[in-house]
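In what follows, a single structure is set out as C-alpha cells and then discussed.
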Amino acid sequence: MSADAGVEPGIVCAFAVTGTPPDPVALASVTGHEEGGPLRVLDAGGGLCLVVQDVPAALFDEEALAERLNRPTDLERCARAHHRAVEAAAGRGAVVPLPMATLYRGDRSAVRAVTDRRPVLEALLDRLRNRTEWAVKVHAAEGAPEDPPTAPADPGTDTNSGSGSGSGSGGRAYLSRASARRRDRRQAHGRALAEAEAVDAELRRYAVAATRHRPQSERLTGRRTPQLLNAAYLVEDADRAAFTRALAGLTAEGRHPAVRADASGPWIPYSFARWDEADEATGAHPGQEVPA
C-alpha cells in the first residue's frame with residue numbers, strides 16, 4: 157500500500173530487485189509469508205522494479221520479528237517464504253535477492269531504497285545475468301574407527317617376571333603409540349586440506365567468481381568429520397556443462413581419496429548479490445527501516 161498523506165504506511169517486506177518484471181499470473185500463484193498479502197511489483201523507475209508483500213505489523217515490527225526469528229521453526233518458515241518469493245521474482249530474468257526480512261515503512265521507503273542505490277543494483281544485475289550459483293561442500297573422508305589406546309601396564313607389575321622391571325618399557329611403548337597416532341592424524345588432516353584446496357582450484361577454472369563461506373560445524377552437518385571447504389561458484393549458463401563435468405570428475409571415487417565433495421545447484425546466486433557492499437564503507441544498509 158502506498159503512503160498517502162494522512163495515512164499511516166504499512167510494513168512492506170521486499171524480496172528482490174529485477175529489471176524484468178515477473179509474469180503477474182505466475183506471481184499470483186506464489187505464496188510469500190503466509191501471514192501477508194499477495195506478492196506484488198513496485199515500479200522503482202529507470203527499468204528497475206521490486207517484488208514485495210504487505211505484512212502485518214503485529215508480526216513483522218522490529219520486536220516481534222526478532223522474537224520470531226529466534227525460534228527455529230519460525231526462522232525456517234520465514235526463510236522458505238523468502239526463497240519462494242525470490243524464485244518467483246526470477247521467473248523472467250536476473251534478480252538481486254535481498255536479505256531475508258528486508259522491511260520498509262510503506263512503498264515510498266522501499267522505492268527510495270532502490271533508487272538511492274540504482275548504480276549498484278544495475279551493475280549487480282549485469283553481473284548476474286545468465287549466471288547461476290553452485291554450492292560445493294568438502295569434508296574429510298571418514299576412515300575406519302581408531303582402536304582405543306591401550307593403557308600402559310600397571311607400574312610395579314610385570315606379569316612375566318612378577319617384578320616391576322618391565323613397567324618402564326610398557327609406558328614408553330604406550331607413549332610411542334599415542335605419539336604415532338597423533339602424527340598420523342595430523343598427516344591425514346594435512347592431506348585432506350590439500351585435496352580440498354585442489355578441488356577449489358579446479359572448480360574456479362570454470363567459474364567467473366567464487367567465494368568461501370565459513371565451514372559448518374559437525375553439529376550442523378551431521379558428519380563425524382570436519383568440513384574443510386564451504387564454497388560457492390558463479391557459473392555462466394554457457395559453461396554449465398563444463399562445470400558439471402569437472403564436478404563429476406572431482407567427486408569420482410578415488411580421485412581425491414582423503415575427502416568427500418558434495419555439490420548442489422544451479423541456484424539463484426545469493427552469494428554474489430550483496431547489494432549493500434557499496435554501502436559498507438559508510439555504515440548504511442538497505443532495509444530494516446521499520447522503526448523510522
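Counting from 157, one number per residue, gives the positions in the sequence shown under the working numbering. Using N, Cα and C, we set each Cβ at its ideal position, and we do this for glycine too.
Residue i vs residue j beta-carbon contact at 8 Å
| i | j | result |
| --- | --- | --- |
| E358 | A402 | yes |
| V294 | L384 | yes |
| A266 | V168 | yes |
| S427 | T381 | no |
| V186 | A244 | yes |
| L277 | L204 | yes |
| H412 | E351 | yes |
| L198 | D263 | yes |
| R285 | D179 | no |
| A250 | T174 | yes |
| V242 | P255 | no |
| A246 | I424 | yes |
Residue i to residue j span [Cα, whole Å]
| i | j | result |
| --- | --- | --- |
| R240 | F171 | 9 Å |
| G346 | A279 | 40 Å |
| R224 | A397 | 41 Å |
| P301 | A184 | In this prediction, P301 has a pLDDT of 42, which is less than 50 and means its spatial position is unreliable; what the coordinates show is noted afterwards. Approximately 54 Å between the Cα atoms of the pair. |
| A334 | A344 | 15 Å |
| W290 | E374 | 22 Å |
| T288 | R328 | 57 Å |
| D395 | A429 | 20 Å |
| S325 | S332 | 10 Å |
| R360 | E219 | 42 Å |
| A419 | R379 | 16 Å |
| A388 | P177 | 27 Å |
| V211 | A235 | 15 Å |
| A408 | P422 | 20 Å |
| P305 | E298 | For P305, the predicted model reports a pLDDT of 47, less than 50, meaning its position is unreliable and no value from the coordinates is stated. |
| H369 | E190 | 30 Å |
| L206 | Y260 | 12 Å |
| S158 | F399 | Note that S158 scores a pLDDT of 38, beneath 50, so its modelled location is shaky and nothing firm can be said. |
| R341 | V292 | 24 Å |
| D393 | N386 | 22 Å |
Where residue i falls, given that 16 or more other Cβ within 10 Å makes a residue buried
| i | result |
| --- | --- |
| T258 | buried |
| G188 | buried |
| D303 | Annotation note: pLDDT 42 at D303 (below 50); position unreliable, coordinate value reported separately. Label assigned to D303: exposed. |
| R416 | buried |
| P228 | exposed |
| P194 | exposed |
| R273 | buried |
| V364 | exposed |
| P275 | exposed |
| L376 | exposed |
| G202 | exposed |
| A166 | The question names Ala, yet the displayed sequence has Gly at residue 166. Classification of G166: buried, given that the 10 Å Cβ count is 16 or more. |
| A296 | buried |
| A238 | One point to set straight first is that residue 238 is His, not Ala, in the sequence displayed. So H238 counts as buried. |
| G405 | exposed |
| A348 | buried |
Checklist entry - Quick one: complete alpha helix (DSSP H) runs, 4+ long, within the region 180-229? => result 180-184, 213-216 and 218-225
Next on the checklist: Runs of 3 residues minimum, wholly inside the region 349-437: which ones carry the beta strand (DSSP E) assignment?
Outcome noted: 365-368, 383-392 and 415-423
Checklist entry - Which residue spans inside the region 240-302 form an unbroken beta strand (DSSP E) run of at least 3? => result 251-261 and 287-296
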